[in-house]
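In the numbering used here, the protein residues as written are 4 to 603.
Ideal Cβ positions, reconstructed from N, Cα and C, are used throughout, including at glycine.
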């Protein structure tokens, strides 16, 4: 090896180490979040003020508006101007410096004047507690407004447009909210919505969960808000301790709007750890809810992108899209009606042109039918019925719907990629082969799931819900990152085949563990050796993680903790962020349960 090669190799090694450190730091932040959420709320004593107490000589406390984990909001009378105001007192947090009073963020807020943002009058300190004096709004929160009375889609969009303009003004002032949610929007009796925050500390920080030092965010904005925010509305970068900016608020805004129009949140899970995992994966719940116009769903899909770069560039653009949405939809309908005759003629011509030609992308339905067919459905239905649970028909309906959904999605992605290469010539053969290889892997995992369901008599709701609730995701095969991981596989065909077989076996072991067949799962895992993984770290990480799953299912907490710690290290080293996130969450759960069992 010459000097140039040595230097290049050294730089590459340092780069890889640097990337690994970044991943480790990122998920150490996630771990910090989980520990913090398990800890008691702020430990400082809350200031309790009686009616009649005077603040700064001019504000007389009238009563309490509300209390939260981070402070209390009082209604007061401003004797100087004879008006009602709201005063929020911060709960002091032990071990942290209170930087709210006199901070640059508070100064920026006090200078901000916009009809859709609650006006901040001043800040100060009283008996060693920081407070902020704000405009008093006589009305209700957006959350209460949505709950009370049936709201039309137009009314909901209009109210969110107002809140969006408020966020836009906050961003224009060089601030980021970081805890936007319906409870932090007030609607006055005059129908005007105002963005507010009665639960946040005004603390400058440009990262999400972690206690990283403050620095400038990508748009130069400072960060306004609690370190943690509210988990259900947090963006992936906020959870992962990455750089946050105005697009982080955009994500929270779209979570809230999605919830308002669909009647449920875009990310749902049974536990906090699972919820955070779903958010970081960007897996929006596409289950059918209320009927929502496609133009609005398109806006929400973009705003809920896991990657901030794929969201709208700013709130101004998002608000403009919301404003033009209904008008654009009407124009689209008129245009479609005007072109019906032309479209019909073109379709007829295309049919004549393609008559007798084989479909170059017609293989997908038969590949899927070989796995998911009437026989498989009947066997699974029989096994669920044998479980003897009341309402087994609904359980089977849920399972069938989920498996049908996978089949349709898998075929759709295959056809889209195939046509991009074979029909439109917009994609290379190599790209198609990578996507097809990825999809073959997903179909193989799906086949294992169908087989385990078919071969497990007496299935109950919990087991099938656990198994089918985390189906393989074919959409990963359309993502650049997943395809890069495929390219990183060994060049040797035999080694690639061995890795694929091992991956399939490990997935089957995971399914068996979920279905309660622990002995079979252990037998499969024992049959797999690290030598057979050909140094493929992602595979080693998955094998170790499934080992932990089996140990957890067998109530062997110490073994589960040991395997999960190894899985964290392997996932971090391999760059498998999804598995790293899941391993960290599971490790936090195992440790907290162990401590609870020990009486700690």
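In the three-state reduction of the DSSP assignment, residue 398 falls in the helix class, which pools H, G and I.
With respect to residue 474, residue 409 sits close: the two C-beta atoms are nearer than 9 Å. Around the C-beta of residue 504, fewer than 16 other C-beta atoms lie within 10 Å, and the residue is accordingly described as exposed.
The residue among 280, 546, 264, 285 with its C-alpha nearest the C-alpha of residue 299 is 264. Distance from the CA of residue 419 to the CA of residue 467, rounded to the nearest whole angstrom, comes to 30 Å.
Put simply, of 313, 367, 458, 132 the residue whose alpha carbon is nearest the alpha carbon of residue 379 is 458.
Restricting attention to 55, 373, 309, 460, the CA atom closest to the CA of residue 382 is found in 460.
For residue 432, the enclosing alpha helix (DSSP H) covers residues 432-457. Residue pairing of residue 135 in beta bridges, as defined by DSSP: 91, 126. Closest by C-alpha distance to residue 495, out of 539, 508, 558, is 539. Shown here, residue 85 sits in coil according to DSSP, grouped into three states, outside any helix or strand. Residues 570, 573, 574, 577, 579, 582 of the same chain have their beta carbon placed closer than 7 Å to that of residue 544, with the five preceding and five following residues left out of the count.
In the DSSP assignment, residue 188 falls within the beta strand (DSSP E) that extends over 188-191. The continuous stretches of alpha helix (DSSP H) do not include residue 198, which lies in the beta strand (DSSP E) extending over residues 196-198.
The shortest C-alpha to C-alpha distance from residue 84 to any of 259, 60, 69, 261 is the one to 60. Spanning the alpha carbons of residue 445 and residue 463 requires a straight line of approximately 25 Å. Here residue 142 has 189, 190, 191, 192 as same chain residues with Cβ atoms under 7 Å from its own Cβ, once five neighbours each way along the sequence are excluded. The Cβ atoms of residue 302 and residue 328 sit closer than 9 Å to each other. For residue 470, the enclosing alpha helix (DSSP H) begins and ends at 464-471.
Around the beta carbon of residue 442, 16 or more other beta carbons sit within 10 angstroms, so the residue counts as buried. Across the structure, residue 450 and residue 317 are spaced so that their CA atoms are roughly 43 Å apart. With 16 or more neighbouring CB atoms inside 10 Å of its own CB, residue 258 falls in the buried class. When C-beta atoms of the stretch 310-324 are compared with those of the stretch 133-150, fewer than three pairs fall below 8 Å, so the two segments do not count as touching.
Here residue 199 really is in contact with residue 121; their C-beta atoms are around 4 Å apart, less than 8 Å.
Distance from the Cα of residue 416 is smallest, within the candidate group 365, 162, 235, 592, for 365. DSSP places residue 557 outside both helix and strand once states are collapsed to three, so it counts as coil.
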